[in-house]
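In the numbering used here, the protein residues as written are 2 to 264.
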């Protein structure tokens, strides 16, 4: 299947590692040119070198703090200026701290909203003037399965990421006639450094080992395992493609069947 991604221009946020980097790799393999960002200059430049070496494609590393308006705007504008436009935006950000719901103060709640909700709003706002000019405009927000099925000790993520879905559905409803599609993807338990950290934190809280925590998690997943980052990235790449032109306003869980809600 031709995904019609050859020479499309994509901006993938928080792509120095984990899910963002996996998405950037898949888009590059399909022929897209990709900009990636991180707060850490050394890390993002190293990721760009690895992606170039793996694909031979043009990768633009950008240093940007997505918890700030200036950082979000600079990421988008630098991408558009360098490549001469923008077709695809994949919003993404690291997760807020884990912990019991009563354990967070007001500053931590504000930081979580800045990181996971406002970063999405700000990137989309900056990107829309460019993406509306594309004949294949795509905006995809990476959230979490916790937005549909809240996870213990992740109250900050549960709340902020649910807000992203509400925002994406509002965009799809109000701007669907522009031809741009707006969708959210909800990764379940996927083997990344972030998940390894979460397993260690949960294990500490339970006085258990990370292996025991992982076994209890995967036992509840019909697939009986965690996902690989490339499995997640393949779905995002399809949503970014020309073949996904009538998928709009979707909140798609990629979780091996963990979430079993009918809605």
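Cβ coordinates follow ideal geometry from the N, Cα and C atoms, glycine included.
Proximity to residue i [Cα-Cα], best of the options
{"i": "residue 112", "options": "152, 59 and 156", "result": "156"}
{"i": "residue 123", "options": "204, 100, 67 and 87", "result": "67"}
{"i": "residue 115", "options": "242, 130 and 70", "result": "70"}
{"i": "residue 215", "options": "192, 229 and 15", "result": "192"}
{"i": "residue 164", "options": "106, 54 and 121", "result": "121"}
{"i": "residue 241", "options": "131, 183, 173 and 106", "result": "183"}
Residue interval of the beta strand (DSSP E) (run including residue i)
{"i": "residue 183", "result": "182 to 188"}
{"i": "residue 191", "result": "Per DSSP, residue 191 belongs to no beta strand (DSSP E) and is neither H nor E."}
{"i": "residue 238", "result": "Element bounds for residue 238: not the beta strand (DSSP E) but the alpha helix (DSSP H), 230 to 240."}
{"i": "residue 222", "result": "Premise fails: residue 222 is in no beta strand (DSSP E) and is neither H nor E."}
Cutoff 6 angstroms; reference residue i; Cβ partners in own chain excluding five residues on either side
{"i": "residue 150", "result": "260"}
{"i": "residue 10", "result": "34, 84, 86, 87 and 88"}
{"i": "residue 54", "result": "none"}
{"i": "residue 60", "result": "35, 49, 52 and 53"}
N- and C-terminal bounds of the alpha helix (DSSP H) containing residue i
{"i": "residue 139", "result": "Residue 139 -> not in any alpha helix (DSSP H); beta strand (DSSP E) instead, spanning 139 to 143."}
{"i": "residue 70", "result": "70 to 84"}
{"i": "residue 146", "result": "From DSSP, residue 146 is part of no alpha helix (DSSP H); its letter is neither H nor E."}
{"i": "residue 5", "result": "First-last for residue 5: undefined, no H or E at that position."}
{"i": "residue 108", "result": "107 to 113"}
Opposing strand residues paired with residue i [DSSP bridges]
{"i": "residue 122", "result": "Note: residue 122 sits in no beta bridge, so no partner."}
{"i": "residue 10", "result": "34"}
{"i": "residue 155", "result": "100"}
{"i": "residue 64", "result": "39"}
{"i": "residue 252", "result": "185"}
{"i": "residue 91", "result": "13 and 141"}
Close beta carbons around residue i, own chain, < 8 angstroms, minus the five adjacent residues each side
{"i": "residue 64", "result": "38, 39, 40, 41, 42 and 45"}
{"i": "residue 74", "result": "123 and 127"}
{"i": "residue 262", "result": "149 and 150"}
Contacting residues, own chain, Cβ-Cβ under 7 angstroms from residue i (five flanking each side not counted)
{"i": "residue 180", "result": "138"}
{"i": "residue 166", "result": "144, 148, 185 and 252"}
{"i": "residue 100", "result": "154"}
Pair within 7 angstroms by beta-carbon distance, residue i and residue j
{"i": "residue 257", "j": "residue 234", "result": "no"}
{"i": "residue 222", "j": "residue 187", "result": "no"}
{"i": "residue 13", "j": "residue 21", "result": "yes"}
{"i": "residue 251", "j": "residue 141", "result": "no"}
{"i": "residue 6", "j": "residue 29", "result": "no"}
{"i": "residue 201", "j": "residue 211", "result": "yes"}
{"i": "residue 158", "j": "residue 88", "result": "no"}
{"i": "residue 267", "j": "residue 94", "result": "No answer is possible for residue 267: the residues shown for the chain start at 2 and end at 264."}
{"i": "residue 231", "j": "residue 48", "result": "no"}
{"i": "residue 26", "j": "residue 244", "result": "no"}
{"i": "residue 160", "j": "residue 249", "result": "no"}
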